Amino acid sequence: MLADAPRLADAHPPGRGSKTEKAADPPKATAANATEPSRAIVDALAKAMDAERPADQIDARVALASAAAGVGALSLKARLERYCESENVTLRRGAESALRSLGAGGASCDKPKAPPAIAAPPAIAAPPEGRRSMTLTFVTDAGRLGLTLDPAFAPLATARIVELARKGFYDGMSILRVSPGYIVQFGDSTGDGSGGASGPPLPSEGAPAEFGALSVGLALGGRDTGSSQLFVTLSEEPPLFGDYPLLGSADPDWATVAEGDRILRVEF
Numbered sequence: 279m280l281a282d283a284p285r286l287a288d289a290h291p292p293g294r295g296s297k298t299e300k301a302a303d304p305p306k307a308t309a310a311n312a313t314e315p316s317r318a319i320v321d322a323l324a325k326a327m328d329a330e331r332p333a334d335q336i337d338a339r340v341a342l343a344s345a346a347a348g349v350g351a352l353s354l355k356a357r358l359e360r361y362c363e364s365e366n367v368t369l370r371r372g373a374e375s376a377l378r379s380l381g382a383g384g385a386s387c388d389k390p391k392a393p394p395a396i397a398a399p400p401a402i403a404a405p406p407e408g409r410r411s412m413t414l415t416f417v418t419d420a421g422r423l424g425l426t427l428d429p430a431f432a433p434l435a436t437a438r439i440v441e442l443a444r445k446g447f448y449d450g451m452s453i454l455r456v457s458p459g460y461i462v463q464f465g466d467s468t469g470d471g472s473g474g475a476s477g478p479p480l481p482s483e484g485a486p487a488e489f490g491a492l493s494v495g496l497a498l499g500g501r502d503t504g505s506s507q508l509f510v511t512l513s514e515e516p517p518l519f520g521d522y523p524l525l526g527s528a529d530p531d532w533a534t535v536a537e538g539d540r541i542l543r544v545e546f
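Numbering-wise, the sequence shown is residues 279 to 546 according to the numbering used here.
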């Protein structure tokens, strides 16, 4: 994980890590313009790329691929080629861009290994009175804040969040980001915006529904990168249509929280 990953600017959509808008590819490292990068930098990147990481830390791997290309580290091509074989499409795209920037003009990461079967979501206890939805109350030092989750559009993501809440994953976490009139975001295990729940990344479940005011969505750093971070929209957000899993709705009091408010526990 990149401990110094920059925070998202308020104008950017909800995401994990330092991902914002797609940046232009770095200049290609050719014989005419390449300069030998610092050995210390290359060694540090190699060590970081070889380190064991939780499966859902896709953002960190994409950032490392971009850094390798940015410094022209030709010796890291083999590691980028391993990224190119990933089952995750976002990481494959990052590796492909980096390889092309390092002079592999025909590099393509379009032929991944066969993806593993998606495990069935954990069982969720039936809500009372036969209702499909389930209400989670986040008890914070700023008050009690409710989320009503419905698996209609994103059953895998909804099941993951309920499972994490039951295990106490969110207990003690601080609200990561508050953009007044836009979103509240939380659920980062690291505090720098790139953390997840250290489980397999969730497949994308883009919702065919509008994100209205007080909608609850799953934050992403790219396709198939969902984990534990949630966001609550504080106004209607048509630009989010179809790009993020829609999990339900939030109580109006979410508009009163401040960045740094702490979640004490989650009640069902």
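Even glycine gets a Cβ: it sits at the ideal position worked out from N, Cα and C.
Model, not experiment: these values are computed from the prediction.
Count the other CB atoms within 10 Å of the CB of residue i; is the residue buried (16 or more) or exposed (fewer)?
{"i": "T436", "result": "buried"}
{"i": "T511", "result": "buried"}
{"i": "G384", "result": "exposed"}
{"i": "E545", "result": "exposed"}
{"i": "E515", "result": "buried"}
{"i": "R543", "result": "exposed"}
{"i": "E374", "result": "buried"}
{"i": "P486", "result": "exposed"}
{"i": "A475", "result": "buried"}
{"i": "E299", "result": "Because E299 carries a pLDDT of 33, less than 50, the predicted location of this residue cannot be relied on, and the following value inherits that uncertainty. Its Cβ having fewer than 16 others within 10 Å, E299 is exposed."}
{"i": "D388", "result": "exposed"}
{"i": "R438", "result": "buried"}
{"i": "L506", "result": "One detail in the question is off: residue 506 reads as Ser in this sequence, not Leu. Counting Cβ neighbours within 10 Å, S506 comes out buried, since at least 16 surround it."}
{"i": "A322", "result": "exposed"}
{"i": "D502", "result": "buried"}
{"i": "S386", "result": "exposed"}
{"i": "G421", "result": "exposed"}
Quick one: what does DSSP say residue i is sitting in, helix, strand or coil?
{"i": "V320", "result": "helix"}
{"i": "T503", "result": "coil"}
{"i": "E359", "result": "helix"}
{"i": "A533", "result": "helix"}
{"i": "P516", "result": "helix"}
{"i": "A485", "result": "coil"}
{"i": "P305", "result": "Summary for P305: the model assigns pLDDT 46, below 50, so the residue's position carries little reliability; its value from the coordinates is reported in the next sentence. It is coil, neither helix nor strand."}
{"i": "A326", "result": "helix"}
In the DSSP assignment, the alpha helix (DSSP H) including residue i goes from what residue to what residue?
{"i": "E441", "result": "433 to 444"}
{"i": "L377", "result": "367 to 379"}
Would you check if the distance between the CB atom of residue i and the CB atom of residue j is smaller than 8 Å?
{"i": "L369", "j": "I336", "result": "yes"}
{"i": "G571", "j": "A333", "result": "Nothing can be reported for residue 571, as the shown portion of the chain is limited to 279 through 546."}
{"i": "G459", "j": "R540", "result": "no"}
{"i": "V462", "j": "V417", "result": "no"}
{"i": "L492", "j": "G504", "result": "no"}
{"i": "D428", "j": "S411", "result": "yes"}
{"i": "L358", "j": "A345", "result": "no"}
{"i": "E483", "j": "L434", "result": "yes"}
{"i": "L380", "j": "A356", "result": "no"}
{"i": "V547", "j": "G520", "result": "With the chain covering only 279 through 546, there is no way to say anything about residue 547."}
{"i": "F509", "j": "P292", "result": "yes"}
{"i": "R455", "j": "E330", "result": "no"}
{"i": "L354", "j": "F431", "result": "no"}
{"i": "G372", "j": "V349", "result": "no"}
Opposite residue i in the DSSP bridges: which residues?
{"i": "I461", "result": "S457, T511"}
{"i": "R540", "result": "S452"}
{"i": "G495", "result": "F509, L524"}
{"i": "L352", "result": "According to DSSP, which records beta bridges pairwise, L352 is partnered with nothing at all."}
{"i": "L480", "result": "G504"}
{"i": "G293", "result": "L498"}
{"i": "E545", "result": "T415"}
Could you tell me the boundaries of the beta strand (DSSP E) in which residue i lies?
{"i": "R422", "result": "421 to 427"}
{"i": "R548", "result": "Given a span of 279 to 546 for the chain in the structure shown, any question on residue 548 remains unanswerable."}
{"i": "F489", "result": "Taken as a continuous stretch (DSSP letters only), F489 belongs to no beta strand (DSSP E), as it is neither H nor E."}
{"i": "T418", "result": "412 to 418"}
{"i": "S527", "result": "524 to 528"}
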